[in-house]
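Novice: So for the sequence shown, our numbering puts the first residue at 48; every next one is plus one. A virtual CB, placed ideally from N, CA and C, is assigned to each residue, including glycine.
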Amino acid sequence: MSDCLFCKIVSGEVPADKVHEDDRVIAFRDINPQAPTHVLVIPRDHIMSADAVTAEQMSIWSHLLEVAQQIARAEEIAAWGYRMVTNVGRDGGQTVDHLHLHLLGGRALAWPPG
48 MSDCLFCKIV SGEVPADKVH EDDRVIAFRD INPQAPTHVL VIPRDHIMSA
98 DAVTAEQMSI WSHLLEVAQQ IARAEEIAAW GYRMVTNVGR DGGQTVDHLH
148 LHLLGGRALA WPPG
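1) In whole angstroms, what is the alpha-carbon distance linking Gly59 and Gly152?
2) At the level of alpha carbons, what is the spacing between Trp108 and Lys65?
3) If Phe53 sits next to His147, beta carbons under 8 Å apart, how far is it from one beta carbon to the other, in whole angstroms?
4) Asp50 to Tyr129, Cα distance in whole Å?
5) Please classify Ala121 as buried or exposed, where buried requires at least 16 other C-beta atoms within 10 Å of its C-beta.
Listed below in structure tokens is the structure:
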């Protein structure tokens with residue numbers, strides 16, 4: 048999608064502070080971090096949200112989680128704990144209509160989040 052911010056990051060049209068990149072996903076630091084570590088993990092393919100993932104695309108979920116785990120270890124937040132969040136729709140807090148997983152850590156996180 049040409050107007051999707053995350054698709055523009057995938058294509059290289061918009062720069063991002065990338066921490067991981069492979070043939071299926073890209074992970075980059077959030078420009079408005081809500082924790083000392085705040086990384087977004089996104090699929091290269093445009094998928095609108097977690098609600099739009101089809102049965103054929105389910106393997107992207109496990110890959111997003113695997114990459115988030117790797118980043119948590121690399122960022123040295125895994126031992127203390129971290130949060131993974133995906134928002135769905137406007138009422139769910141989704142601001143970019145492209146599936147993305149927030150990885151947050153580096154401090155104690157409050158609950159409920161919002």
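Specialist: Taking the structure as given:
1) 27 Å
2) 19 Å
3) 7 Å
4) 31 Å
5) Under this definition Ala121 is an exposed residue.
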